[in-house]
Structures are given as C-alpha cells and as structure tokens.
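**Student:**
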Amino acid sequence: MDLALDIISAVLLAAGTFFVFAGGVGVMRMPDFYTRMHAASLTDTGGAALIIAGLLLQGGLTLAPVKLLAIFLFLFLTSPTASYALVNAALLSGLKPKARNETGLSLPEGDAVKPAPKLGERGTNKPDEDIRKAAAKTVAKRTPAKKPAAKKPAAKKKAAKKS
Amino acid sequence: MMTIVFSLFLLTMLVLVAVAILRTDNLFTAVMLSGIFSLLMAANFFVLDAADVALTEAVIGAGISTVLFLGALALTAEKDRSPPVGSWVPLISASALGAVIIYGVLQAPRLGDPNAVVHNHVAPWYLEKTPELIDVPNVVTAVLASFRGYDTLGEVFVVFIACMGVMALLGRVRPRRDSIKLTEYEERSRNLRHHLIPRIVGKMLVPFIVLFGLYVQFHGDFGPGGGFQAGGLIAAGVILYSLLEGDWRGRELVPEWFSSLLVALGALLYAGVGVACMLKGGHFLNYSVLFEDPIKGQHVGILLVELGVGMTVTGVMITVFHAFARRGVR
C-alpha cells in the first residue's frame, strides 16, 4: 500500500516537474508575449497542481495535506486569473500577437486590437461619452429639480459624505 | 546540503533582481522587480528558519508596499529621469561602502555556527525561560511581545508616527474640485468592474484573506505570525477589495474615520496594557501581575498587546492606501 502510494506520488511529482520544465523552456523559446504567457500558465496551473497532488500522497493523515489542499485551491483559482489579467492588459494596451503568414495565421488588422480607452482623454472616445451621459442621468435623477441654485450645495454635500 | 544549494540559488536570484532594478529606467518595472525581490527575500528568511520574519516580508514587502509604490507611481511619471552620466563620485562612494560591507561580512560567523555571539548572549536565556515564565510555543512571540515589549511598543509608535506623516503630507484635504474635473459617476467608474474574471475571483478571495489574517493574529502564540503580519494581511484584503471595486467602495467598507480610529486605538491598547500593569503594582508592560497566575497574566497580556499591534498596522495600511488612492487622478 505504502509502496503503491509512493510510486503514484513519484509519478505525479515527475509529471509536475516535467510541466514546470516545459513551461520554463516555453517562456524562453516562444516568439512573443502571448505564447510565452501560454507556456507560463502551464507551469503555474498544471505543474503546480501535479506537484501538490504528489505531495498530498506523501503527507499522510496529518494537517499538512489539508493545508496543501488549501494552497492547491488558491493556486487553481488565482493563477489562471493572473494569466488572464496579464494577457488582457497586454491586449488592451495594444500589444499585437506575432504570427507568421506561412503558418496560415493572419494578424488581426485595423482596429481589431484597439488600445484601451483612457478615462482622462475626453471627447475622443466613445466609452467616455457614455459615462458622461450616464453621469448626467444619475445627477438628474438624484437632485430634485427645484431651483438651479440648489444643485451646488447638494453636490458639495455628496462630496463631503464621501470623504 | 539541499538547504545550502537552495540558499545559493535564492541569493544569486536576489543579486540578479537587484541589478535589474538598478538598470531599468521604467519605474513600473522597478516596482514589480522590487516585489519579486521581497518575495525572494521572504523565501530566504524561511530557509533560515525565520518564519515570522518571512511572513512579514511576504505580506508587507511583496504585497502592500508594491501596491503603495504603484499608488505613488500613478501620481508621477512612469519613466525614470536619468541622472547626468559620467559622475565618478557615486561610483567611488558606492564602491567604498561596498568594500566596507564585504569586509564586515568576512568577520561574520559561519551559517549555523553554535559559537556565534548571537547564540550566546541572551538567546539561550530566552529559549530556556520561555516555557517556564510565559509558556507559549512560539518563542518569537514571547520575545517580541513580552521580553522585549518596550521595543515593540516603540515599533508600533514608529508605524503610528509614519502614518501621521503620510496624513500630514497627502492629507485628508480633498484636492480642489477644479483640478479633478470628474463627476461623481466618473470617479465611481475608476475600478476594475469591467474586468469580470479578476473581479469575481478577487472578491471571492477577500473573505479568506481576512480570515487567514485573523488566524495569524490569534494563532501567533502557537505558530508563526502575530500582530504585524495579521495587520498586513487584513489590510491586504481590504486593499484588494478597493482595487477591484474602486476606492470609494473601499472607503464605504472601511470608512476613513474607522481606519484612523484603529490606528490610534491599537497604540492606545498597547500602552494601556502597560499602564494597567503599573496600576496592578508591577512594572510597565510586566504582564505577570495582571492575574493571580503570572502565566495566565502573560498570556492575556500578549494577546492584548498583539491585538493592539494588529489594529494599528491594519489601520495604518488602509489609511495610507486611501491617502494615495484618493489622489489617483493626475
């Protein structure tokens, strides 16, 4: 029984190590940011999960496997999220994926990859206009339309409330 | 053997990261690298069996100070303005300082040397007397909160004063309305609400981070941890929430009056325990007199003092974060 557990855990650890190694090679060898992140997320999720599974079998009936399980859950949730957030940020900031034409893949042309709209630049991009319209609506909804002079103190009150 | 290989690897990485921090002129990269530096340092402390310090370094160094640096970065430019090249004075002074430090390190005892000065001064006494006088498994907590309670009180007040300094500089004063022409709605839309996946996963983690913080706070007598680490963790949970939902939601969750109150109350609680000891007829911060049974007195005293530390650190971290976040628009 113990021997079987040891063998399974050794296999899992070896597989995990292979995943981590492959991820490391991928990060070094892949051509652009997106493919590198693909390799790195392999290390993060697959490799870590296999290694923790291997360690779980070694833990025995103590508190350690429970803690390992908690770590596994944490990694399982956070590392794909982190990879996603990183790639999404790169895409929004306008980094284009490299793709060679002989492979049959084509680059997204034109505004397929747009830079992120910035809040600071007014009147230039649409999302900002939407925000302003919505802002006008909320202000109109919240301030009772009595006198135009009553608007200013109300706004001030809100500001005071927030701070 | 493995330990030494691992330490060598970590130290090599530390040097590489430090050189990378110096060489980059992008401040954002430098901030990220300094977070990695702190994490490597935490791993290094852990290899040296200093779990409490490792936890502090991971929470404060890699976690919160990275966020605070980013907050500061949002107020300034992203690129480093390089100093004029070709000045020999910095090179000479840095080389001289480096030579002195290396000379000093040569005199240091070997790793794990039982005859080293630090292992023969007061440390044996602490190790010997902790089970007898205080009876908590974690000697670090006993030393930090009881034997050297004065030092920790000083640290709490240093943190307290640092927070006062940040508040004095960045202040409670709202920036002038005309300098930030944002409507309420626009200000409220400054968050990650439109990034669905990070937001949901992040929000899911917040309660667990706070729970782990409370565990570290109240389990500090038995395992690694205590007020400083717990304060950092709880504040990290609140800061994560603020980053995801916008700092105004964060300020609704933990109002500024509350975080300021925590800062003051924590320091007051710590000093108050000391005064209570004096009123009971003992010395300042000598918890043994708090109850009939001196060991029970020590336990309660350490618990209260650590709670004070935790409250102050939580309050300071949240207050400083909000002080930066409120100015977040250039």
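Sequence order for the protein chains is A and B. Take any residue in the first sequence, count from 1 to its spot, add 355: that is its number in the working numbering. Take any residue in the second sequence, count from 1 to its spot, add 967: that is its number in the working numbering. Cβ atoms here follow ideal geometry from the backbone N, Cα and C, with glycine treated the same way. Nothing here was measured: the structure is a model prediction, and the numbers come from that model.
Starting from the C-beta of B:G1198, find all residues in its chain whose C-beta is less than 6 Å away, skip the five residues before and the five after it, and write them out in chain order.
**Tutor:** As a position in the second sequence, residue 1198 of chain B is number 231, starting the count at 1. Excluding positions up to five away in sequence, the list reads G1277, V1280, T1281.
**Student:** Beta-carbon within less than 6 Å of B:M997's beta-carbon, same chain only, minus the 5 sequence neighbours each way: which residues are those?
**Tutor:** On the second sequence, position 30 is the one that residue 997 of chain B refers to. Note on identity: in this sequence residue 997 of chain B is Ala, with Met being the wrong assignment. Excluding residues within five positions, the ones whose Cβ falls inside 6 Å are I988, T991.
**Student:** Going residue by residue through the region 1024-1066 of chain B, where are the continuous alpha helix (DSSP H) segments of at least 4 residues, counting only ones entirely within it?
**Tutor:** Correct list: 1032-1042.
**Student:** CA-CA distance, B:A1061 and B:T979?
**Tutor:** Counted from its first residue, the second sequence places residue 1061 of chain B at position 94. Counted from its first residue, the second sequence places residue 979 of chain B at position 12. Straight-line Cα distance between these residues: approximately 20 Å.
**Student:** Taking the alpha carbon of B:R1077 as the reference point, which residue from B:R1218, B:A1234, B:L1015 has its own alpha carbon closest?
**Tutor:** Within the second sequence, numbered from 1, the residue matching residue 1077 of chain B stands at position 110. Of the listed residues, the one whose Cα sits closest to B:R1077 is B:L1015.
**Student:** Output, in chain order, the set of chain A residues within a Cβ distance shorter than 8 Å of B:V1162.
**Tutor:** Taking the second sequence and counting its residues from 1, one reaches residue 1162 of chain B at position 195. For the sequence presented, residue 1162 of chain B should be read as His rather than Val. Per Cβ cutoff of 8 Å: A440, N443.
**Student:** Closest Cβ-Cβ distance between A:L432 and chain B: below 7 Å?
**Tutor:** Counting from one through the first sequence, the residue named residue 432 of chain A turns up at place 77. So yes, A:L432 belongs to the interface.
**Student:** How big is the Cα-Cα spacing for B:Y1254 and A:A365?
**Tutor:** In the second sequence, the residue the question calls residue 1254 of chain B occupies position 287. In the first sequence, the residue the question calls residue 365 of chain A occupies position 10. Cα to Cα, the separation comes out at about 51 Å.
**Student:** Against chain A, with Cβ distances strictly below 7 Å, would B:P1165 count as a contact?
**Tutor:** Stepping through the second sequence from its first residue, residue 1165 of chain B is reached at position 198. With 7 Å as the cut-off, B:P1165 counts as an interface residue toward chain A.
**Student:** Hey, out of B:I1262, B:E1223, B:I1269, whose CA is closest to B:E1099's CA?
**Tutor:** The residue labelled residue 1099 of chain B in the question sits at position 132 within the second sequence. That would be B:I1262, whose Cα lies nearest to the Cα of B:E1099.
**Student:** Identify the continuous alpha helix (DSSP H) that holds B:N1105 and give its terminal residues.
**Tutor:** Position 138 of the second sequence holds residue 1105 of chain B. Counting along the chain, B:N1105 falls outside any alpha helix (DSSP H), and DSSP gives it neither H nor E.
**Student:** Locate the alpha helix (DSSP H) running through A:H393, then write down its first and last residues.
**Tutor:** As a working note, residue 393 of chain A is residue 38 in the first sequence. From DSSP, the alpha helix (DSSP H) with A:H393 extends over 388-396.
**Student:** Would you call the region 1010-1026 of chain B and the region 1183-1200 of chain B touching, i.e. three or more CB-CB distances under 8 Å?
**Tutor:** With a cut-off of 8 Å, the region 1183-1200 of chain B and the region 1010-1026 of chain B count as touching, because enough Cβ pairs lie within range.
**Student:** In whole angstroms, give me the CA-to-CA distance for B:G1249 and B:L1120.
**Tutor:** Counting from one through the second sequence, the residue named residue 1249 of chain B turns up at place 282. Counting from one through the second sequence, the residue named residue 1120 of chain B turns up at place 153. Near 17 Å, if we compare the C-alpha coordinates of B:L1120 and B:G1249.
**Student:** Which residues in the same chain as A:I406 place their Cβ atom closer than 8 Å to its Cβ, once the five residues preceding and following it in sequence are excluded?
**Tutor:** The sequence position of residue 406 of chain A within the first sequence is 51, counting from 1. Here the set comprises L367, L368, G371, T372, V375.
**Student:** With a CB to CB cut of under 7 Å and the five nearest residues on each side skipped, what residues in its chain are close to B:V1133?
**Tutor:** One-based indexing of the second sequence puts residue 1133 of chain B at position 166. Cβ neighbours of B:V1133 beyond the five flanking positions: V1287, A1290.
**Student:** Applying the criterion that 16 or more other CB atoms from any shown protein chain within 10 Å of the CB defines a buried residue, is B:N1011 buried or exposed?
**Tutor:** As a position in the second sequence, residue 1011 of chain B is number 44, starting the count at 1. Counting Cβ neighbours within 10 Å, B:N1011 comes out buried, since at least 16 surround it.
**Student:** What residue does the alpha helix (DSSP H) around B:S1255 start on, and which one ends it?
**Tutor:** Locating residue 1255 of chain B in the second sequence gives position 288, counting from the first residue. Premise fails: B:S1255 is in no alpha helix (DSSP H) and is neither H nor E.
**Student:** Taking B:R1294 as the reference, which of B:A1083, B:L994, B:L1037, B:F1013 has the closest Cα?
**Tutor:** Residue numbering aside, residue 1294 of chain B sits at position 327 when the second sequence is read from its first letter. Taking only the C-alpha atoms, the option nearest B:R1294 is B:L1037.
**Student:** What does a CB cutoff of less than 6 Å around A:S396 pick up in its chain, not counting 5 residues either side in sequence?
**Tutor:** Looking up residue 396 of chain A in the first sequence gives position 41. Around A:S396: S438.
**Student:** What residue range is occupied by the uninterrupted alpha helix (DSSP H) comprising B:P1091?
**Tutor:** Start at 1 with the first residue of the second sequence, and residue 1091 of chain B comes out as number 124. Looking at the DSSP string, the run of the alpha helix (DSSP H) that includes B:P1091 is 1090-1096.
**Student:** Going by beta-carbon coordinates alone, are B:F1175 and B:L1200 separated by less than 7 Å?
**Tutor:** Counting from one through the second sequence, the residue named residue 1175 of chain B turns up at place 208. Counting from one through the second sequence, the residue named residue 1200 of chain B turns up at place 233. Contact flag unset, no.
**Student:** Could you check whether B:V1240 and B:G1217 sit closer than 7 Å to each other, using their CB atoms as the reference points?
**Tutor:** Within the second sequence, the letter at position 250 stands for residue 1217 of chain B. Within the second sequence, the letter at position 273 stands for residue 1240 of chain B. No, they are not a contact pair.
**Student:** Since A:T524 meets chain B, which of its residues come closer than 7 Å, beta carbon to beta carbon?
**Tutor:** With chain A represented from 356 up to 518, any question about residue 524 of chain A goes unanswered, as that position is not in the structure.
**Student:** Mark B:E1080 as exposed unless 16 or more other C-beta atoms lie within 10 angstroms of its C-beta, in which case mark it buried.
**Tutor:** Indexing the second sequence from 1 puts residue 1080 of chain B at position 113. Residue 1080 of chain B is actually Asp in this sequence, not Glu. Looking at its Cβ environment, which holds fewer than 16 other Cβ atoms inside 10 Å, B:D1080 is exposed.
**Student:** Just curious, the alpha helix (DSSP H) that B:F1251 is in, first and last residue?
**Tutor:** Taking the first residue of the second sequence as 1, we reach residue 1251 of chain B at position 284. Counting along the chain, B:F1251 falls outside any alpha helix (DSSP H), and DSSP gives it neither H nor E.
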